[in-house]
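Each number in this note's numbering corresponds to the 1-based position in the sequence shown with 1118 added. In what follows, a single structure is set out as structure tokens and then discussed.
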Amino acid sequence: VAKGPGAEGPINEAVSRNHVYVYGTAGNPSQDELASRRAQAASAADWSADRGMMGRLMIFPRYLSDKELRQSDYQHSNLVLFGTSGTNDVIAKLADRLPMHLKEGTTGYGLLYIYPVNNRYVLISSGLPWWTPPKKQTQQTGYNFMNSKIDMLKNFQDFILFKDSPDNVIIQGRFDNNWKIPAEAAAVLKASGVIELK
């Protein structure tokens, strides 16, 4: 697959058209864990923005479990997938086609990337979500955590790996024109110890 119009990223392109947020039910989660996964997808799908004198804009895209995803969703929607191949059956189904994965059991890291699948995008969000606030916010630098979660996606390229929050970037970059990870980026991802590369 080569990059081209409608298949060139960056990350925010996954939510610029019809899309669905999908949380995982795999891995035999407890009721509390399943509720936490559902809440993460619901939080991402809660778009609201204060437009000053124009009022508050609120949009609520669909969010559902990996078991509820329909064939028509695969055909007509970009998919925002939360979890890993061990926690989300849709990610597991696509695992052989995806370029990287956050290692199972990894904590304190977030991996976010866009990738083309079947003429649509998947946006993989593994580990910490992209809207994780910094642990210490001492001054107004880095990403603006008061903006909506969707607005934050405009700050990212094709992929980002971070530790603790998106202000602490291990690596961020773009796939090459054939949707491959550039060699320098692959070396950094591998050296992190938390990423499995294809």
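Ideal placement from N, C-alpha and C gives every residue a C-beta, glycine not left out.
Any chance the stretch 1125–1139 sits against the stretch 1279–1288, with 3 or more Cβ pairs inside 8 Å?
They do not touch, by the three-pair rule.
A1159 classed as buried or exposed, judged by whether at least 16 other C-beta atoms fall within 10 angstroms:
Counting every other CB atom within 10 Å of its CB across the protein chains shown gives A1159 a total of 16 or more, marking it as buried.
Straight-line gap, P1247 to G1228 (C-alpha atoms, nearest Å)
Here the C-alpha atom of P1247 lies approximately 6 Å from the C-alpha atom of G1228.
Can you give me the C-alpha to C-alpha distance between L1081 and R1180, rounded to a whole angstrom?
Residue numbering for the chain in the displayed model covers 1119 to 1316; residue 1081 lies beyond these limits and cannot be assessed.
Considering only residues of the stretch 1206–1230, which uninterrupted beta strand (DSSP E) runs meet the minimum length of 3 residues and lie entirely inside it, listed in chain order?
The stretch 1206–1230 contains these whole beta strand (DSSP E) runs: 1218–1220.
Since G1142 and D1207 should fall inside the 8 Å C-beta cutoff, what is the C-beta to C-beta distance between them, to a whole number of angstroms?
Yes, they are in contact, since the Cβ atoms of G1142 and D1207 sit about 7 Å apart, within 8 Å.
Does DSSP put E1126 in a helix, a strand or coil?
E1126 falls in the coil class under three-state DSSP.
Status (buried if at least 16 other CB within 10 Å, exposed otherwise) for P1234
Of the other Cβ atoms in all chains shown, 16 or more fall within 10 Å of the Cβ of P1234; this residue is therefore buried.
Where does Q1258 land, buried or exposed, given buried means 16+ other C-beta within 10 angstroms?
Note that Q1258 has pLDDT 48, beneath the 50 cutoff, so the model's placement of it is unreliable and no number is given.
Have a look at N1146 and T1250 and give me their C-alpha separation to the nearest angstrom.
A straight-line Cα-Cα distance of about 25 Å links N1146 and T1250.
Starting from the C-beta of K1121, find all residues in its chain whose C-beta is less than 7 Å away, skip the five residues before and the five after it, and write them out in chain order.
Excluding residues within five positions, the ones whose Cβ falls inside 7 Å are N1295, W1297.
Taking 7 Å as the CB-CB cut-off, is D1276 touching chain C?
Although the question refers to chain C, the structure presented lacks it and comprises just one protein chain.
So which of E1126, K1308, P1128, R1188 has the shortest CA-CA distance to H1219?
Here the closest residue by C-alpha is K1308.
Same chain only: Cβ atoms within 7 Å of N1236, ignoring 5 sequence neighbours per side
Listed in chain order, the non-local C-beta contacts of N1236 below 7 Å within the same chain comprise Y1192, local neighbours out to five positions each way being set aside.
If you count every other CB in all the chains shown that lies within 10 Å of the CB of T1225, and 16 or more means buried, which is it?
With fewer than 16 other Cβ atoms from the protein chains shown falling within 10 Å of its own Cβ, T1225 counts as exposed.
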